[in-house]
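Working notes for the structure below.
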Amino acid sequence: MMFQEKQRSRFRALALSAAVLSASAAAAAPVLFPGTGNYYELIGTQTTWADAVTEAAAQTYLGVGGHLATVTSDAENTFLSGTFASGEAAFFAWLGGHEPNDDGVWLWGAGPEDGIQFSQGDVPTAPFLYVNWGGIEPNDFAPGEDYLAINLGATFAGVLPGEWIDSPNPNPSDPIRGFLVEYETGTTGVEGDAGAGPSPGFLFRQASPNPVVGGSMVFELQLPGPSEVTLALYNVIGQAVVRRVFSASGGRLLQEFQVEALPPGVYYARVSWAVGDERTGLRSDVKKVTVLR
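So the sequence shown is numbered by the numbering used here: it starts at 538 and just counts up by one.
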């Protein structure tokens, strides 16, 4: 009887801990990672991967829709595992990767990277060339282990904090306690100017197409008046690989960049401008684009 009461007390404590963590995760504001310019949020809801994809897409922040997080660099992964470390012994969260055909081909299933392969078995593939599988993962230990999760807790079954596992959907054995949402705000993917951001009457659209599979990408600008414009493309370490400076009379214009000579990977397009006589400081905006081959 005493043993049963102790067990009931233990389960009540675990349930209370999970409820407090879930409420805390849901209440916390999304956090900016300067390396991508995007905001991230941990939703402490235990759910399937498929439902997490849907729920992430239903989230909004700063007027931008969310998606299940896609992790394409060690810096991004380190940020997520540190920022959202749970302090729990066993705590994983869904990421946006999956193995739809159970054949070792792992694809991102959300965000701008949707449909792009990132891993062949445990081997990273272009254009990102980054994975962080833990131990012997992905190991298909149980049927249907076709969904990606990150360890936000302590070392679990040989998987270190921040490392990835393949997990079934639903997850009867792996302790998946939530999912990570990414908001593609592009706020500071490359260093921006001090002062104001985009102004009324200004528009900077994502490259078309994105991802870029051919030799060129197109940017659309809507300028509120006569402007001095700088449009540049930066790689992930902040080097400007293409740069264009021009004057514009205002209104809508298209700018095409030839990118056939660029290596495949993630880039950041940054536009900065000053409008006519209203030079209250240079304004800027940033968008993330992906180049494939």
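Beta carbons: idealized from backbone N, C-alpha and C, even for Gly.
Quick check: residue i and residue j, are their CB atoms within less than 7 Å of each other?
i: Ala-663; j: Phe-716; result: no
i: Met-754; j: Val-808; result: no
i: Gly-671; j: Val-642; result: no
i: Ser-618; j: Gly-690; result: no
i: Phe-852; j: Leu-758; result: Because the chain in this structure spans residues 538 to 830, residue 852 falls outside the shown range and cannot be described.
i: Val-811; j: Lys-824; result: Here residue 811 is Ala; the residue named in the question, Val, does not match the sequence. Not a contact, by the Cβ cut-off of 7 Å.
i: Thr-615; j: Val-803; result: no
i: Arg-718; j: Gln-792; result: In the sequence under discussion, the amino acid at residue 718 is Val, which differs from the Arg named in the question. No, these two residues do not count as a Cβ contact at 7 Å.
i: Ala-612; j: Gly-574; result: no
To which residues of the same chain is residue i closer than 7 Å at the C-beta, ignoring the five residues directly before and after it?
i: Glu-568; result: For the sequence presented, residue 568 should be read as Val rather than Glu. Hits under 7 Å: Tyr-576, Tyr-577, Thr-620.
i: Phe-794; result: Ser-753, Met-754, Leu-770, Val-779
i: Ala-594; result: Gly-602, Gly-603, His-604
i: Ala-589; result: Leu-605, Trp-631, Phe-716
i: Gln-654; result: Val-642, Trp-643, Leu-644, Thr-662
Could you give the distance in angstroms between the alpha-carbon of residue i and the alpha-carbon of residue j?
i: Trp-701; j: Val-826; result: 25 Å
i: Ile-687; j: Gly-699; result: 6 Å
i: Glu-674; j: Asp-659; result: 7 Å
i: Asp-677; j: Val-766; result: 52 Å
i: Asn-669; j: Phe-783; result: 42 Å
i: Asp-639; j: Ser-710; result: 19 Å
i: Ser-656; j: Gly-634; result: 10 Å
i: Gly-732; j: Leu-599; result: Residue placement at Gly-732 is flagged as unreliable, the pLDDT there being 36, under the threshold of 50; a coordinate-derived value is accordingly withheld.
Report the three-state DSSP secondary structure of residue i (helix, strand or coil).
i: Ala-627; result: coil
i: Arg-830; result: coil
i: Asn-708; result: coil
i: Ser-656; result: strand
i: Phe-616; result: helix
Within the present structure, is the beta-carbon of residue i separated from the nearest heavy atom of the ligand ADP by less than 6 Å?
i: Tyr-720; result: Inclusion of the ligand ADP in the displayed structure is not the case, the ligand content being empty and no account of it being possible.
Return the chain-ordered list of same chain residues with a C-beta closer than 6 Å to the C-beta of residue i, the five sequence neighbours on each side being excluded.
i: Gly-787; result: Leu-760, Gly-762, Pro-763
i: Trp-748; result: Residue identity check: residue 748 is Pro in the sequence provided, not Trp. For Pro-748, where only same-chain residues beyond five positions count, the Cβ hits under 6 Å are Thr-827, Leu-829.
i: Gln-743; result: Lys-824
i: Trp-586; result: Trp-631, Tyr-684, Asn-706
With a threshold of 8 Å, are at least 3 pairs of Cβ atoms found where one atom belongs to the segment 642 to 650 and the other to the segment 598 to 607? yes
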